[in-house]
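Enquirer: Everything in the sequence shown is counted per my numbering, starting at 2 for the first residue and increasing by one.
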Amino acid sequence: MRKHGKVFNEASKQVERGKAYEFKEGIELIKKLKGPKFDETVELSVNLGVDTKQTDQNVRATVVLPYGLGKQVKVLVFTKNEKEALDVGADYAGSEELVNKILGGWIDFDTVIATPDLMGMVSKLGKILGPKKLMPNPKLGTVTFDVVRAVKEAKAGKVEIKNDKGGVVHLAIGKKSFPEDRLTENFNAIMEKLKSIKPSTSKGQFLKNAYISTTMGPGVKVEISRYR
Numbered sequence: 002m003r004k005h006g007k008v009f010n011e012a013s014k015q016v017e018r019g020k021a022y023e024f025k026e027g028i029e030l031i032k033k034l035k036g037p038k039f040d041e042t043v044e045l046s047v048n049l050g051v052d053t054k055q056t057d058q059n060v061r062a063t064v065v066l067p068y069g070l071g072k073q074v075k076v077l078v079f080t081k082n083e084k085e086a087l088d089v090g091a092d093y094a095g096s097e098e099l100v101n102k103i104l105g106g107w108i109d110f111d112t113v114i115a116t117p118d119l120m121g122m123v124s125k126l127g128k129i130l131g132p133k134k135l136m137p138n139p140k141l142g143t144v145t146f147d148v149v150r151a152v153k154e155a156k157a158g159k160v161e162i163k164n165d166k167g168g169v170v171h172l173a174i175g176k177k178s179f180p181e182d183r184l185t186e187n188f189n190a191i192m193e194k195l196k197s198i199k200p201s202t203s204k205g206q207f208l209k210n211a212y213i214s215t216t217m218g219p220g221v222k223v224e225i226s227r228y229r
């Protein structure tokens with residue numbers, strides 16, 4: 002069993018076990034809990050009613066958070082039109098020279114976008130980008146000729162929704178310092194997206210329960226019946 006420190010244990014005592022807090026109440030609670038000095042990330046975990054052994058029940062999608070994640074996202078674009086990508090905010094743009102740089106160990110970026118005509122070249126990076134969940138994917142809108150839109154979405158706070166082997170989706174929804182209304186809108190955007198992508202083969206209750214927490218804090222169960 003994982004051992005927690007004194008601060009975590011003291012914070013846990015303030016969370017009522019088994020209670021599903023209204024989101025506003027839950028946010029107010031985790032904001033007032035004592036934690037580390039840095040600005041913690043607020044995290045959301047949603048348990049889904051899916052059988053992950055059935056490939057058609059696994060969920061994978063993206064959503065643009067209205068207020069982002071509170072951090073600067075470094076975007077790299079594999080494209081022949083470097084100027085277009087850089088003009089709309091990409092941090093790095095290019096083709097073969099970037100592939101070689103990454104093969105050499107460089108990985109100072111958070112999101113990778115590629116135009117379809119360069120995916121043959123980018124595929125060489127599968128063993129490097131794949132494990133870090135950075136490989137461009139057409140299903141996630143990161144393999145596209147519409148570089149302008151892709152870069153703008155990435156910079157605005159586009160996040161990936163993907164369940165783990167246990168059928169749980171883990172996502173960041175912002176920083177502890179965010180105003181409550183911003184965290185609420187980010188939360189709503191994720192829940193509405195989840196509601197819209199329920200697999201047709203998933204039977205019974207799809208959105209089972211949800212918990213919010215800070216990076217170093219205890220989980221707080223939040224009410225989600227309105228999204229079912």
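Note that beta-carbon positions come from the ideal geometry of N, C-alpha and C, so glycine has one too.
What you are looking at is a predicted structure, and each value in this text was computed from that prediction instead of being measured.
Tell me the start and end of each unbroken alpha helix (DSSP H) in the stretch 78–108 that is at least 4 residues and wholly inside, in chain order.
Expert: Correct list: 83–88 and 97–104.
Enquirer: What are the start and end residues of the beta strand (DSSP E) that includes K159?
Expert: As a first step, residue 159 is located in the sequence shown; it is residue number 158 there, counting from the start. First-last of the beta strand (DSSP E) with K159: K159 to K163.
Enquirer: Would you call the stretch 23–43 and the stretch 179–196 touching, i.e. three or more CB-CB distances under 8 Å?
Expert: The stretch 23–43, when compared against the stretch 179–196, does touch it at the 8 Å Cβ threshold.
Enquirer: Cβ atoms of N48 and N164: under 7 Å apart, would you say?
Expert: Reading the sequence shown from its first residue, position 163 is the one you call residue 164. Reading the sequence shown from its first residue, position 47 is the one you call residue 48. No. Outside cutoff.
Enquirer: Please confirm if the stretch 83–90 is in contact with the stretch 195–212, defined as three or more CB-CB distances below 8 Å between the two stretches.
Expert: No: fewer than three Cβ pairs fall under 8 Å.
Enquirer: Distance check for Q15 and P137, CA to CA, integer angstroms please.
Expert: Your numbering for residue 137 matches position 136 in the sequence shown. Your numbering for residue 15 matches position 14 in the sequence shown. So the two alpha carbons sit approximately 42 Å from each other.
Enquirer: Which residues bound the alpha helix (DSSP H) around R183?
Expert: Taking the sequence shown and counting its residues from 1, one reaches residue 183 at position 182. Taken as a continuous stretch (DSSP letters only), the alpha helix (DSSP H) holding R183 covers E181 to S197.
Enquirer: Taking C-alpha atoms, which residue in A157, R18 and L99 lies nearest to A115?
Expert: For this step, residue 115 is matched to residue 114 along the sequence shown. When each option's Cα is compared against that of A115, the closest is L99.
Enquirer: If we ignore side chains and look at the alpha-carbon of each, how far apart do E17 and G95 end up?
Expert: Taking the sequence shown and counting its residues from 1, the one referred to as residue 17 is at position 16. Taking the sequence shown and counting its residues from 1, the one referred to as residue 95 is at position 94. When rounded, the distance between both Cα atoms is 52 Å.
Enquirer: Run the CB neighbour count on P219, radius 10 Å, all protein chains shown included, and call it buried at 16 or more, exposed below.
Expert: The sequence position of residue 219 within the sequence shown is 218, counting from 1. When all chains shown are included, P219 counts as buried.
Enquirer: Which of helix, strand or coil does DSSP assign to E44?
Expert: Counted from its first residue, the sequence shown places residue 44 at position 43. The answer is strand: DSSP assigns E44 an E or B state.
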